[in-house]
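One structure is given here, and the rest of the page talks about it.
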Amino acid sequence: ILPLLKAQCFSCHANATPASGYALFSRDLLLAGGRHGVAVVPGKSGSGTFIKYLTGELKPKMPPGGAIDLETISIIKKWIDEGAKVDSMIAPVPTTASKSVVTSKVKDLPASELLPAPVTALMFQPDGKRLYVGGYKTVRIINPEDGTVVKSLAGPVNQVTSIAISPNGKVLAASSGLPGVSGEVVLFDSNSGEIIGRLNGHDEVVTSVAWKPDGTELATGALDKTVRIWDANSFRAKRIIKDHVDVVNSVAYSQNGKYFASGSADRTAKVYDASDYSRVTTITIHQEGISSVAFAVKGDILWTISQDKSARIWQVKKGTIENPLRAQYEGDQINVGAASSDGSMLIWGAANHSVRIYNGEGTNLLKELKEIGDWISAVAVSTNNQSVAAGAQDGSLHIWDTKTWKERAVVTMRRSDQLPKPVK
């Protein structure tokens with residue numbers, strides 16, 4: 158069953174912002190369903206929505222643009238009728254020749270603790286010496302030189318979808334939530350790892366979080382189609398923006414603090430004046446949902462990265478903007494994107510496992526990396542532009558040195574930290 162789900166469903170339902178709030182990160186989420194009801198009832202294949210969407214009894218028929226044959230559907234029904242069980246297994250310990258080598262034995266742990274955990278959020282510490290990695294209910298602090306786990310921060314209620322560091326480096330914000338229930342952002346003291354607050358108020362999973370450069374506010378976007386602006390001291394929402402008609406996938410501030418942008422599954426990106434959040438412009442050219450927005454080059458250049466396989470680069474100005482400065486293209490949908498803190502470098506990751514790094518203006522492709530073997534779900538650039546990182550749905554985390562473009566470390570993230578430590 159897993160290979161089928163991976164091939165047919167993961168591109169929309171196993172990323173950080175799953176369609177209809179229905180995620181397949183785990184068996185629990187597969188059973189829970191999303192905004193349209195319970196998907197799978199163990200022992201009763203006819204009771205949930207999963208089979209009904211595959212057969213077309215419920216619309217739209219899944220998967221989009223294709224259909225699963227009846228023989229395969231009967232196998233899925235049999236699996237559900239037999240309890241929708243996950244086979245007990247001990248996952249193999251990863252080895253990557255000449256990169257990261259495992260040197261000790263795995264302790265006796267439940268099989269579920271050994272399973273790979275998708276990497277769904279990445280952010281470098283301001284000094285570049287630590288990499289924050291979002292996974293299932295956990296943010297792990299990684300040494301980017303060798304991939305070792307320095308510390309784990311527990312607290313998010315579900316898969317971590319986005320990570321942001323306060324401008325002074327003291328507060329780590331990690332977004333999460335329960336599909337169909339509520340969304341939240343957990344605030345950690347970046348030094349001690351203690352939880353110092355939570356941002357609650359969204360009705361759905363929070364997909365993205367960003368700090369205003371002056372450190373006074375945070376912005377969040379969520380599956381509930383709203384953007385919220387939070388006071389960084391009181392942890393209360395100051396403003397709710399309801400300009401999008403579908404899921405808000407990404408939020409970002411410009412480096413100079415002048416602009417704020419949001420990107421949505423409704424195929425639009427909206428830019429606001431960050432002083433009062435009055436709208437500056439709306440970008441409507443993309444043919445599919447916008448997965449990421451990022452500012453480059455002192456804040457007057459905006460990247461919009463889309464599932465329509467393109468990234469567009471815009472000169473921000475008030476009023477209608479119909480023509481981008483330029484466009485770059487990928488061979489498959491682009492899932493995630495991020496800019497370096499100074500806006501001089503942008504990285505994206507796509508469904509075809511490709512990672513591309515451009516200069517901030519989008520005029521030069523600096524490097525294309527193809528070492529990852531699965532659907533890419535998180536990317537990051539260090540503050541000093543000396544490291545880039547990318548994570549995938551299979552739990553693999555790759556870290557490169559930008560001077561040589563050689564991999565510093567390759568690690569398989571799992572639910573448990575009690576695993577062999579990789580060494581160079």
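The sequence shown runs 158 to 581 under my numbering. Note that beta-carbon positions come from the ideal geometry of N, C-alpha and C, so glycine has one too. Just so you know, these numbers come straight off a predicted model, no measurement behind them.
Start and end residues, beta strand (DSSP E) containing residue i
i      : result
LYS524 : 522–526
PHE345 : 339–346
ALA189 : Careful: ALA189 lies outside any beta strand (DSSP E), inside the alpha helix (DSSP H) at 184–189.
PRO313 : 306–316
ASN492 : 491–496
LYS395 : 394–398
ASP558 : 553–558
GLU361 : Where GLU361 is concerned, there is no enclosing beta strand (DSSP E), given that its DSSP letter is neither H nor E.
ARG571 : Unbroken run through ARG571: none, as it is neither H nor E.
MET219 : Per DSSP, MET219 belongs to no beta strand (DSSP E) and is neither H nor E.
ALA278 : 278–281
ILE514 : 512–516
ASN406 : 405–410
SER435 : First-last for SER435: undefined, no H or E at that position.
TYR179 : Run containing TYR179: none; DSSP gives neither H nor E here.
Between the CA atoms of residue j and residue i - distance to the nearest angstrom
i      : j      : result
TYR434 : GLY240 : 50 Å
ARG287 : ILE299 : 6 Å
SER511 : LEU526 : 6 Å
GLY378 : GLY292 : 19 Å
ASN509 : SER534 : 11 Å
PRO283 : LEU161 : 40 Å
GLY213 : GLY205 : 13 Å
GLN613 : GLY456 : Summary: the structure shown does not reach residue 613, with the chain confined to residues 158 through 581, and so no result is reported for it.
GLY285 : SER539 : 5 Å
ILE529 : SER349 : 32 Å
SER411 : ILE458 : 9 Å
SER231 : GLY203 : 11 Å
PHE207 : HIS443 : 30 Å
SER257 : PRO217 : Residue placement at SER257 is poorly supported in this model, since its pLDDT is 35, which falls under 50; the coordinates still yield a value, given next. Going by the C-alpha atoms only, they are around 44 Å apart.
SER497 : ALA537 : 8 Å
ALA254 : LYS560 : Note that ALA254 has pLDDT 33, beneath the 50 cutoff, so the model's placement of it is unreliable and the number below is only indicative. Looking at the two C-alpha atoms, the distance is approximately 22 Å.
GLY372 : PRO324 : 6 Å
VAL328 : LEU375 : 11 Å
ALA394 : VAL384 : 10 Å
ASN516 : ALA546 : 16 Å
ASN357 : ALA426 : 24 Å
TYR429 : ALA418 : 6 Å
GLU487 : THR277 : 20 Å
GLY548 : ASP531 : 9 Å
ALA451 : LYS382 : 19 Å
GLY414 : ALA453 : 12 Å
VAL338 : ASN521 : 43 Å
ILE233 : LEU227 : 10 Å
ALA180 : ILE237 : 17 Å
PRO301 : ALA311 : 20 Å
LYS308 : ARG297 : 6 Å
ARG572 : TYR289 : 15 Å
ALA422 : ALA176 : 9 Å
ALA330 : THR229 : 42 Å
Beta-carbon proximity list for residue i, same chain, < 7 Å, skipping 5 on both sides
i      : result
VAL121 : This structure leaves residue 121 out entirely; the chain is present only between 158 and 581.
ASP265 : Residue placement at ASP265 cannot be trusted, given a pLDDT of 48 that sits under 50; what the coordinates show is reported in the next sentence. So the list is empty, once near-sequence residues are dropped.
MET219 : TYR210, LEU211
CB-CB length for residue i against residue j, believed under 8 Å
i      : j      : result
ASN542 : MET570 : That belief does not hold up - the Cβ atoms of ASN542 and MET570 are roughly 24 Å apart, past 8 Å.
ALA431 : TRP368 : Actually they are not in contact, since the Cβ atoms of ALA431 and TRP368 sit about 12 Å apart, beyond 8 Å.
PRO336 : GLY178 : 4 Å
PHE281 : SER467 : Contact flag wrong, Cβ pair sits at about 26 Å.
GLN550 : PRO275 : 5 Å
Unbroken alpha helix (DSSP H) run spanning residue i, endpoints
i      : result
SER539 : SER539 -> no alpha helix (DSSP H), and no H or E assigned at all.
TRP617 : A query on residue 617 cannot be resolved here, the shown segment of the chain reaching from 158 to 581 and no further.
TYR210 : 207–212
LEU288 : It is not in any alpha helix (DSSP H) - LEU288 instead sits in the beta strand (DSSP E) that spans 288–291.
LYS163 : 159–165
beta-carbon residue i near the ligand SAM non-hydrogen atom, thresh 7 Å
i      : result
VAL243 : Of ligands this structure carries none, so the ligand SAM is not represented either.
Neighbourhood of residue i by C-beta, 6 Å cutoff - its chain only, sequence neighbours within 5 removed
i      : result
PRO481 : ARG469, ILE470, TRP471
ALA332 : It should be pointed out that residue 332 corresponds to Ser in this sequence rather than to Ala. If we look at SER332 and ignore the five residues flanking it on each side, its Cβ neighbours are THR318, SER319, VAL342, VAL363, VAL366.
ARG483 : ILE470, GLY519
PRO251 : No answer about PRO251 holds up, because its pLDDT of 36 lies below 50 and its placement is not dependable.
LYS262 : Here the model assigns LYS262 a pLDDT of 38, short of 50, so the residue's position is not dependable, and the following value carries that caveat. Excluding positions up to five away in sequence, the list is empty.
TRP562 : LYS524
PRO199 : GLY240, ALA241
ASP558 : ARG565
Residues near residue i in its chain [Cβ-Cβ closer than 8 Å; skip 5 each side]
i      : result
GLY334 : VAL314, ASN315, THR318, GLY340, GLU341, HIS359, GLU361, VAL362, VAL363, ALA379, LEU380
THR438 : LYS427, VAL428, VAL473, LYS474, LYS475, GLY476, THR477, ILE478
* the segment 381–390 contacting the segment 447–462, beta-carbon criterion three pairs below 8 Å -> no
* Would you be able to state if there are at least three C-beta pairs under 8 Å between the segment 457–473 and the segment 484–493? => yes
* Quick check: the segment 338–345 against the segment 398–406, are there 3 or more CB pairs under 8 Å? -> no
* **the segment 193–201 touching the segment 353–367, judged by at least three CB pairs closer than 8 Å** => no
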